[in-house]
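From first to last, the protein sequence lines are chains A and B.
Taking this note's numbering, the leading residue of the first sequence gets 1, the next gets one more, and so forth.
Taking this note's numbering, the leading residue of the second sequence gets 394, the next gets one more, and so forth.
Please read the structure below before turning to the comments.
There are 2 protein chains.
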Amino acid sequence: MKTGILNRYYADLPESYLFSTIARKIDSYRQSHPGADIIRLGIGDVTRPLAPAVIAAMHRATEEMADVAGFRGYGPEQGYEFLREAVARGEFAPRGVDLAADEIFISDGSKCDVANFQELFDRKCRVAIPDPVYPVYLDSNIMAGRKNIVFMPAHAGNGFQPEIPKHSVDLIYLCSPNNPTGTVLTRETLTAFVDYALRHGALILFDAAYAAYIQDDSLVHSIYEIPGARACAVEFRSFSKTAGFTGVRCAVTVVPHELAELRRMWLRRQTTKFNGVNYIVQRAAEAVYSPEGREQIRATIAGYMANAAAIRRGLTEGGWTVCGGEHAPYIWWELPEQETSFAFFDRLLETCEVVGTPGSGFGSCGEGYFRLTAFGEPDSTRRALERIRTRLK
Amino acid sequence: MKTGILNRYYADLPESYLFSTIARKIDSYRQSHPGADIIRLGIGDVTRPLAPAVIAAMHRATEEMADVAGFRGYGPEQGYEFLREAVARGEFAPRGVDLAADEIFISDGSKCDVANFQELFDRKCRVAIPDPVYPVYLDSNIMAGRKNIVFMPAHAGNGFQPEIPKHSVDLIYLCSPNNPTGTVLTRETLTAFVDYALRHGALILFDAAYAAYIQDDSLVHSIYEIPGARACAVEFRSFSKTAGFTGVRCAVTVVPHELAELRRMWLRRQTTKFNGVNYIVQRAAEAVYSPEGREQIRATIAGYMANAAAIRRGLTEGGWTVCGGEHAPYIWWELPEQETSFAFFDRLLETCEVVGTPGSGFGSCGEGYFRLTAFGEPDSTRRALERIRTRLK
């Protein structure tokens, strides 16, 4: 095959996807240290089993699929009405955000939606991306050949609130609670971004995959809590971290009626290039909003947040500076020494057999930081912190 | 939001996805004819429940997800090794095709993979698409802004074997058994295409979603049965029609080692923009290859093929000309009158309350034809044919 016909923009990407690189490093350590007791506080993957209400819904829906009367083939590409309505009622209404079912699109993951949504835009449009942030926003735009990308630095100096671009941009990615810093964007920050977007005719892509971890009701959970946002923002939600669906796959994208042309295009994109989410999974996601489902999920998140508190406490008492971990499953650890975050990754693995994520993998402002996650088991999280405090200094 | 930043190529698409248009027509008929007994031989969606072996695997895997020891979060984006190996052994080895597990990528659907794969190529590359064919190949290329598209006509005059392009092209889509004509590409046709691709440095995108319906072992099931194909072809397989997974979502894409750069790029694309298939679904797909699974699936397909035979017989005895339906679930019905296939759709719905798919929805060579599918229940298929024979003439 002629290689000249290939998408040349792939060559502009970093060599491999961050988390694949890390997985390879761990594999290689395991091979050279058989029997190593590695504790993974790295990749943001949940560890607690699915909620009993979710499991029960799955078994029930599986039985439906075993019977000709209950069997379901292709569903609507944008998701079954029962789930879209459950999301509107269960996810948004409690925040005072009123959404119609046809503003809600169900998919198999926020990573897919966040990565695919840029397809609806011209290759020449100007993109603003927080730094540091989840690498998919940048990588998917590089793959599409976008060159006009500005970064919005977030650091201790601005309370990890990304700076509004000085010049005019067309697309603005925001992530709150932020992956990796664990910071929630303030109402003031979000209001300023919405005002900016309305003034410049820009679109905000608001990734709220971790909204369920916000512990303070006065903080903003959905971009639509900000006046004017319906005319300038889409929002991404996920069941992955909310309900432990990382291996189940279900997510939500909201495109409001006010963005009529964009809504039509996303529907066209999804009906043409996607075939809907597994029926059983949609019933499972619906069960997340049942009274028992809610209660069970709340308890699981409380467990993760207890880990987050333990990590914060352990590092702080060890003399380190951290942020995050109060309304997010991520703790952003300021590295004390003149050491790259990738070098620190290796040292932490070798000294403590603890895995985290190097901050520089999330952007240049992430250098000098390290991400730990609260998704471990309480006991292994506690042991990891013990090793860090006793072996690292 | 400024509309000038939108992807302008969407405006080049037909107004809506073919099957969405049809669904709207049926809805509107239902509303104006309450109690109508509509028989759907239109969209290619299965109707038989999942195989007992698949259901049992789903229940088992669901239980694993209920327990901390068995719980699985993110899996490999390209699919679990157990499924990739089962596919190599169960799907390809019996045809004498030897694939390594890392040449196999698991996804949530062939529609997605077939639509996404073009992202790996330059916008300027030249694309050849059969006419008539499944509309996703064309639509996904239009969305990406490709203008250099040639069609390969397939009609009664060439035995529905698409004509090899006269000039040099870079990407060639093939679909065998074909949707909508139900025709299997011959060994001679496929050998000629592989030779062409090798000579021109082109890539063949071989869609074999209906391979399980081929009844004659001497016909080609996989493009890799053709010498040289590993250096010039990717292949798409699906559990949708093989095992009734249209509402479950699982598919396979093969990128051979010989296409090393392309394989790396597809892995990069999937790790960046996709997050793997549901673990329970992968266990369900594995069960398709168990001895009981195979037997149950064979029986279901035999049932659909009995419908296909009944449709062929009914139409032929009624004096109509058909092709397909012998190694595919699709019957391609030559319309006798000077009537567009969309007008015929309306007439068939109004006269017989039977739904099919207008041939012109699959390309200009589809005009004058109509697609019926064998996925109905035997009784309703029989009743549909009775209505056609008694009411249509």
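Glycine residues also receive a C-beta, built at the ideal position from the N, C-alpha and C atoms.
For clarity, every value in this text was computed on a predicted model and none was experimentally measured.
By the beta-carbon neighbour count (other beta carbons within 10 angstroms, threshold 16), aspartate 139 of chain A is buried.
Under the three-state reduction of DSSP, methionine 1 of chain A is assigned to coil, being neither helix nor strand.
At the C-beta level, isoleucine 38 of chain A and arginine 48 of chain A stay beyond 8 angstroms of one another. Contact holds between the segment 238-250 of chain A and the segment 272-287 of chain A, because three or more Cβ pairs, one in each stretch, are under 8 angstroms apart. Per DSSP, leucine 185 of chain A lies in no alpha helix (DSSP H) segment and is marked neither H nor E. A distance below 8 angstroms separates the beta carbons of glycine 717 of chain B and threonine 576 of chain B. Around the beta carbon of serine 753 of chain B, 16 or more other beta carbons sit within 10 angstroms, so the residue counts as buried. Boundaries of the beta strand (DSSP E) around leucine 174 of chain A: 171-175. Within the segment 243-265 of chain A, Gly244, Thr246, Gly247, Val248, Arg249, Leu259, Glu261, Leu262 and Met265 place their CB atoms closer than 8 angstroms to a CB of chain B, listed in sequence order. Nearest in C-alpha terms to tyrosine 279 of chain A, of all of B:Pro407, B:Gly640 and B:Val648, is B:Gly640. In the structure shown, the three-state DSSP call for cysteine 250 of chain A is coil.
Between aspartate 501 of chain B and alanine 243 of chain A, the alpha-carbon positions lie close to 20 angstroms from each other.
Residue environment for serine 611 of chain B: exposed (fewer than 16 other C-beta atoms within 10 angstroms of its C-beta). Closest option to valine 587 of chain B, judged by alpha-carbon separation, among B:Tyr566, B:Ile398 and B:Ile694: B:Tyr566. For isoleucine 164 of chain A, no beta strand (DSSP E) encloses it, and the DSSP letter there is neither H nor E.
As DSSP reads the structure, cysteine 716 of chain B sits in a beta bridge with B:Trp725. Contact annotation for isoleucine 542 of chain B against chain A: no contact, minimum CB-CB distance about 14 angstroms [criterion: below 7 angstroms].
Nearest neighbour of phenylalanine 763 of chain B by Cα position, chosen from B:Glu456, B:Pro487, B:Phe738 and B:Glu710, turns out to be B:Phe738. Short of 6 angstroms from the beta carbon of proline 162 of chain A, and not among the five residues preceding or following it, lie these beta carbons of its own chain, in chain order: Pro130, Met152 and Ala154.
Under the 8 angstroms criterion on CB atoms, leucine 443 of chain B is classed as interfacial with respect to chain A.
A contact between stretches requires three or more CB pairs, one per stretch, nearer than 8 angstroms, and the segment 92-112 of chain A meets this requirement with the segment 245-265 of chain A. Counting only Cβ-Cβ distances below 7 angstroms, serine 20 of chain A has contacts in chain B at Thr664, in chain order.
For aspartate 515 of chain B, the neighbours in chain A by C-beta distance under 7 angstroms run, in chain order, Ile5, Leu6, Asn7 and Arg8.
In the structure shown, proline 649 of chain B adopts coil according to DSSP, grouped into three states. Among the residues facing chain A, leucine 742 of chain B is not included, as its CB has no counterpart in that chain under 8 angstroms away.
Contact annotation: in the segment 500-527 of chain B, residues whose CB is within less than 7 angstroms of a CB in chain A are Asp501, Gly502, Lys504, Cys505, Ala508, Asn509, Glu512, Leu513, Phe514, Asp515 and Cys518. If you look at arginine 298 of chain A, you'll find it in the alpha helix (DSSP H) that goes 291-317. Residue-level contact check: methionine 698 of chain B does not touch chain A, since none of the beta carbons of chain A fall below 8 angstroms from its beta carbon. Boundaries of the beta strand (DSSP E) harbouring alanine 521 of chain B: 520-524, taken from the DSSP string. For valine 46 of chain A, at least one C-beta of chain B is nearer than 8 angstroms to its own C-beta. Using a CB distance cut-off of 8 angstroms, serine 140 of chain A counts as an interface residue toward chain B.
Of all residues in the segment 456-477 of chain B, only Met458, Ala459, Asp460, Val461, Phe464, Arg465, Gly466, Tyr467 and Gly468 come within less than 7 angstroms of chain A when Cβ atoms are compared, listed by chain position.
The beta-carbon of phenylalanine 667 of chain B is placed less than 8 angstroms from the nearest beta-carbon of chain A. Taking a contact as a CB-CB distance under 8 angstroms, the pair glycine 756 of chain B and proline 525 of chain B counts as one, their CB atoms being some 4 angstroms apart. If you ignore the 5 residues before and after glycine 366 of chain A, its C-beta comes within less than 8 angstroms of the C-beta of Asp131, Pro132, Pro180, Ser341, Pro358, Gly359 and Ser360, all in its own chain and listed in chain order. By the Cβ rule, the segment 590-601 of chain B counts as touching the segment 614-629 of chain B, because three or more pairs are nearer than 8 angstroms.
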